[in-house]
Every structure is written in structure tokens, then in C-alpha cells.
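Data block below; observations after.
Protein chains: 2
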Amino acid sequence: MKARVTIMLKDGVLDPQGEAIRHALGGLGFSGVDGVRQGKVIELDLASVDADAAKAEVARMCEGLLANTVIEKYAVEIV
Amino acid sequence: MKARVTIMLKDGVLDPQGEAIRHALGGLGFSGVDGVRQGKVIELDLASVDADAAKAEVARMCEGLLANTVIEKYAVEIV
Chain A
64 MKARVTIMLK DGVLDPQGEA IRHALGGLGF SGVDGVRQGK VIELDLASVD ADAAKAEVAR
124 MCEGLLANTV IEKYAVEIV
Chain B
64 MKARVTIMLK DGVLDPQGEA IRHALGGLGF SGVDGVRQGK VIELDLASVD ADAAKAEVAR
124 MCEGLLANTV IEKYAVEIV
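Line by line, the protein sequences give chains A and B. My numbering puts the first sequence at residues 64 to 142. My numbering puts the second sequence at residues 64 to 142.
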């Protein structure tokens, strides 16, 4: 079973990396980009066969290691 | 209009960051994780109102700046 975790900075947390991308896109002539946020995506191959149990375990992985929940939010999907 | 770009290393390209995560998860007692791949996700706020045109422009951004298409693959979705 495959799980995908998407980790983004929480709204309101400054994202200098996203801002740098926005600036670079403007420099390359891409106008009309009002904002950019960058985050991480982590794909996990899991031995588990129970989707609900897998989702709960991946959420525990996020809380314990993958995300910094002070400034980041995460979303788990089973794919 | 909002677009989300997901950038992952191509299959077969070594992913030491993902491997480090897999190792750390094992150390924390999460067994049953057979593989981990880490990538980037970039969310763009676009002024465009035409979904098809926006998707094509974001693909051009990926080719020109966001992704290293030698070793990375990207997927664009309009959200």
C-alpha cells in the first residue's frame, strides 16, 4: 500500500523559498503569478494492507518525525 | 486559480533523503515501511482564469525553472 504525505508551511508562516521561486518566475517572464508556497511530499511504501490503520500510522509518523507541527501542516492520502 | 506541482525524482534515481527518512522511521519503531521517496510540492496562485492555459503555462514553468527534467518528473494539477 502506498501513502502520500504532503507537508506545507501553515498559512501565515513566512515562506522565503516560495517567495524566491515567485521572484525567479517573474524574472523569466512569467507574469500573473500572485503567490508561491513550497512544501514537501513524501511517498511511503507500506507493508500494511488496512487503509485506515495505515493512514493512522502515517499520521503518527508525521507527528513524530516527518512534520514540524509548530509551523507545518500535513495531509495524508492513501494512493 | 490555484495550481499544484508535484516534483519527484524519476524512478531509478537514487533518493538518499528518502532513504534517510526510511532509516529514521525504522529507528523510531515504525516497521513495515518498505520504501520512501521524497519530493517537492509547489502551490502557485495564478491570475489566469483559463484552466487549460494555466496548466500549459505551469508546465512551461516546470521545464524552465521548477524541475530538473534530467532526473525529476513533475505533475501539474489545477485545484
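Glycine included, each C-beta is placed from N, C-alpha and C at the ideal position.
{"Item": "Counting contacts by CB-CB distance shorter than 8 angstroms, is A:V104 in contact with chain B?", "Value": "yes"}
{"Item": "Within 10 angstroms of its Cβ, does B:L96 collect 16 or more other Cβ (buried), or is it exposed?", "Value": "It should be pointed out that residue 96 of chain B corresponds to Val in this sequence rather than to Leu. With 16 or more other Cβ atoms within 10 Å, it is buried."}
{"Item": "So, A:V120 versus A:M71, is the Cβ gap smaller than 8 angstroms?", "Value": "The sequence given here has Glu at residue 120 of chain A, not Val. Contact: no."}
{"Item": "What residues from the segment 106-133 of chain A come within 8 angstroms of chain B, judged by C-beta to C-beta, listed N to C?", "Value": "E106, L107, D108, L109, A110, S111, E120, R123, M124, G127, L128, L129"}
{"Item": "State yes or no: is the C-beta of B:G81 within less than 8 angstroms of the C-beta of B:V99?", "Value": "yes"}
{"Item": "Is it true that the CB of B:K73 sits closer than 8 angstroms to the CB of B:V142?", "Value": "no"}
{"Item": "Name the chain A residues that come within less than 7 angstroms of B:G75, Cβ to Cβ?", "Value": "Per Cβ cutoff of 7 angstroms: no residues; B:G75 is ~15 angstroms from chain A at best."}
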